[in-house]
Every structure is written in structure tokens, then in C-alpha cells.
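K.L.:
Numbering follows our numbering, with no gaps: position 383 of the sequence shown is 1208.
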Amino acid sequence: MPRHAPRLSRTLVAMAVSVPLIAVGANALAAEGEGFAACLARLRPEAMAKGVSAATFDAQTAALAPDMAVIGFLDAQPEFVTPIWDYLAALVDDERVADGREMLARWQEVLGRVEGAYGVDPATVVAVWGVESNFGRNFGTRPLLTSLSTLSCYGRRQDYFRGEFFTTLKIIQEGHVAPERLTGSWAGAFGHTQFMPSTFMRLAVDFDGDGRRDLVDSVPDALASTANFLKRAGWRSALPWGFEVALPKGFDTSVAGRRNKQPMQDWAARGVRRADGAALPPGETPAALLLPAGQGGPAFLVTRNFDALYSYNAAESYALAIAHLADRLRGGGPFVAPWPTDDPGLSRAERRELQTLLIGRGHDIGDPDGMIGARTREAIKAVQAELGLQPDGRAGQKVLRALRSAARSAATGDEAAGLSQSQRR
């Protein structure tokens, strides 16, 4: 994904992190029919000038209708509006680590060849795969041509999305991916590792040798293309992305910032050590101090490889999720320092437990699937009010602990009532 176009990872969208939609005005809704057709007619000669044939354009746009819902997502990015502790809890949990290790084993031979060709280690490539599509489980369901044509005609950044729309038509025209297989995010990212169409054209590779670059139905193509992206973004083999550090008391945090890189030895001279107490590696390797939650949270020294991850989707929280998941896949543990919150986020298993407890209290929220949608949030608010918590609908540790306690109390009460009845008999 180009740095100027950050977007939601499909994995996070699939877990239904709440994203408020911007209301679509009546004038835009009224323009859906004749106005959309007129827009497509205006785009036709421009597409042809970009290399799209008239036959391809006409065939692929004949039945298109706008999807105005995508306009509401333009200013709603969870990487920027979700607290980082919730964001990371949703993307890096024990389930994803276990799934990722299974994928490392399953695709070991391919990943070894990918590393040999591009110099990106298997854990990092698989971490991108896990965050972007949950290892191919969540590609996104919006037809790319529908979303991108809508964004080409309505809302802001129409010029950018027109380029992606035309490129999608060229992908179809060149036979890389069938049009019915091109579904993805609202913004047009698709495939196992969620490339935008323009990124696909620049960096996707045919790693399985079938003559097509296919990120939808070819895992080898997707993994190799991701490694190629990172290599082109400046990834250096054998260089760590960074690591968690501990700062000395009274440390001047004004030097923090991803662009303020200093030699590793200079950070050591300032008293910075690894979070596990070990000394920093010696040498001139440039690194920057990152404080994603401010002075009260975990601190990290990050290298140019972190910047390569950042280039995949321009948000520091996103890059940290990839980096942390890769570390966990290698056998690393959670961060040492706690996040500055009294209500940390929930893992997928905990979200399912929360929903099961809500269902047990009579709330009709569907199956406990770990996806925190509107019905779950409404049920949470009702329970929070019942249990004396702030009714904000937040799915965090506070409400889960309260529900566990209430369930234990209810179970104890039921047992006591049963014992009393038995004694009366």
C-alpha cells in the first residue's frame, strides 16, 4: 500500500472494530443513477488513454452501480482512531500466533525461497499476511470495481481512486485475476496481503511460475510479492526492526520520533537499555525512539526495517503490530511495560467469552464469534449500566471482569438455593 494511502487491514475490519460512517448527503444519493452513468462515460476516454481497451471498459462497467457506503470510510481509519492497546490486542493474540506458526510450517519451503530471493525473513512475511487477511480468511467482500468506481465519482480524492480503478481494469485485461475474484476492502486493497491495484502493478511477482501474478489464489505469489514490497521499501536482511527498551529516570523524551534516528551507541550513552535489562547492541546502526502511547507506555528503538513496515500502511500502530507479531512467531513474549490504561483490550478468545456471557444474560447478539458489532456494543452498554459501569459500549477488560464476577455470583447463588431446597426435603 502506498504510504499516502493508509487503509484498514482486512483482519481488523473482520473483527468489527467500530468505525462510524459519515452520513452521505441527499445530493450524493440522488446522483447514484444517471449521475453515476454520466461519470463513467466521462472516465471512459481517460481509461483508454491509460491503456484500458474500450472492450474491457465497456464489459466491466456495463452493470456497475455505485456503493455509496464506501464514502463514509474515507475519514474513519482504526489505525488512527483506535487506542493502540486495543489495536494490538485485536491483531496480536495467542490465536494469531498459533495460526501464524502453523503457516510458517506449512509454507516453509516457499518462505525459504522467498527469503533467498528478497532477503525478508519468513516470520515478517507471515506476520504481514496474518494482520492483512488473517492468513487468507478475510479478503474483504466488496467488489473492487464497484468500490473504486464509486470513489472515482464521489467524495474526496477522486483523482487517486480513478488511478486505482483504471489499474484494476488493466489487471483484469491482462488476465492476472478474474473480475469475480477481485473483492477486497472498501478502498480497493485485495488478496492475501491486501495490495492496492497500483502496488500490484508495480511490485507483484509471479512466484509460482504460472504466467500470472495472482495475489488471490496463489499463496506463493502473495508471499513473494509482500517480500518484494518490503525489499523495495528498504528492508535489510539480518537487521532487526527494533525492540522494546527501558528509559532511565528523567529521560528527555523530546528526542523521540520515528524520523529522529541516532546511532545505537548514542542511545546507549543516554542510558537506554533493552526492556529485558540487556545492553543495546553496539555500533552505528541508526535507530529512533518511538513512544506510541507517550511517556507512560512502552518505549521502542526502531530501525529502517520498521520504516519499511510503516510504508506498507502508513501508521505506526500498524507497523508495530506487524513487528510484534513477527517477534511472537519467533518465540518472543508480550511487551514488558504495560500500556497506560486501566481497561486493556480483549483477545479474540476473550471477546467470544464476553459475548457468551452476554448471551447468558439474555441478550440476543447472535453467535459468539468474537466480532464486536452494533448488537454486541448495545448489549455491553446495557450490562455496564446494570453493573454500575460507565455505559460506553467498550469491549474491554473491565466489563469482562464484571461479567465474570456476576456469573460466578449467580452460579454460587444457584448452588446455595439448590442446597437449601435439598435440605428442606
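Built from N, CA and C at the ideal position, the CB exists for glycine as well. As the structure is a computational prediction, the values presented were derived from the model and not from experiment.
Across the stretch 962-975 and the stretch 1158-1166, are there enough close Cβ pairs to call them in contact, namely three or more that are closer than 8 Å?
P.N.:
Contact fails: fewer than three Cβ-Cβ distances are below 8 Å.
K.L.:
With distance defined between alpha-carbon atoms, name the residue in L1048, P1111 and W1011 nearest to P891.
P.N.:
Per the Cα distances, W1011.
K.L.:
Are there 16 or more other CB atoms within 10 angstroms of the CB of A848, so buried, or fewer, so exposed?
P.N.:
Low per-residue confidence applies at A848: pLDDT is 39, beneath 50, and the placement is therefore not dependable enough to give any value.
K.L.:
With a floor of 4 residues, list each alpha helix (DSSP H) that falls wholly inside the stretch 916-951, ordered by position along the chain.
P.N.:
Whole alpha helix (DSSP H) segments, 4+ residues: 919-931 and 933-943.
K.L.:
Count Cβ pairs between the stretch 921-938 and the stretch 1019-1031 that sit closer than 8 Å; are there 3 or more?
P.N.:
No, the stretch 921-938 is not in contact with the stretch 1019-1031.
K.L.:
What does A1113 pair with, by DSSP beta-bridge criteria?
P.N.:
Paired residue(s): V1127.
K.L.:
So for E999, helix, strand or coil by DSSP?
P.N.:
DSSP places E999 in coil when its eight states are reduced to three.
K.L.:
Can at least three beta-carbon pairs, one atom from the stretch 1097-1110 and one from the stretch 913-926, be found at a separation below 8 Å?
P.N.:
Cβ pair count under 8 Å is below three, so no.
K.L.:
Does the stretch 1058-1066 come close enough to the stretch 1035-1048 to have 3 or more Cβ pairs within less than 8 Å?
P.N.:
Touching, no.
K.L.:
Are the stretch 1087-1104 and the stretch 975-988 touching, with three or more C-beta to C-beta distances below 8 Å?
P.N.:
Output reads no: the stretch 975-988 does not touch the stretch 1087-1104.
K.L.:
So is E927 buried or exposed if we call it buried at 16+ other beta carbons inside 10 Å?
P.N.:
Exposed.
K.L.:
What residue range is occupied by the uninterrupted beta strand (DSSP E) comprising G1185?
P.N.:
Here G1185 belongs to no beta strand (DSSP E); instead the alpha helix (DSSP H) covers R1173 to G1185.
K.L.:
Ignoring anything shorter than 3 residues, give me the beta strand (DSSP E) runs that lie fully in the stretch 1062-1089, in order along the chain.
P.N.:
Qualifying beta strand (DSSP E) stretches, in chain order: 1067-1071.
K.L.:
Would you identify the three-state DSSP class for F991, choosing helix, strand or coil?
P.N.:
Helix.
K.L.:
What residue range does the alpha helix (DSSP H) around R1200 cover?
P.N.:
A1199 to E1211 is the span of the alpha helix (DSSP H), which, as asked, contains R1200.
K.L.:
Just how far apart, CA to CA, sit A1014 and E1175?
P.N.:
Roughly 29 Å between the two C-alpha positions.
K.L.:
Can you give me the C-alpha to C-alpha distance between E1005 and T1237, rounded to a whole angstrom?
P.N.:
Near 55 Å, if we compare the C-alpha coordinates of T1237 and E1005.
K.L.:
So what does DSSP say about F964, is it helix, strand or coil?
P.N.:
F964 falls in the coil class under three-state DSSP.
K.L.:
Applying the criterion that 16 or more other CB atoms from any shown protein chain within 10 Å of the CB defines a buried residue, is A887 buried or exposed?
P.N.:
Exposed, by the Cβ-count rule.
K.L.:
Among P1022, S1023, V951 and P1193, which one has its Cα closest to the Cα of A1052?
P.N.:
For A1052, the nearest C-alpha among the options comes from V951.
K.L.:
What three-state label does DSSP hand N852 in the structure shown?
P.N.:
Residue placement at N852 is flagged as unreliable, the pLDDT there being 46, under the threshold of 50; a coordinate-derived value is accordingly withheld.
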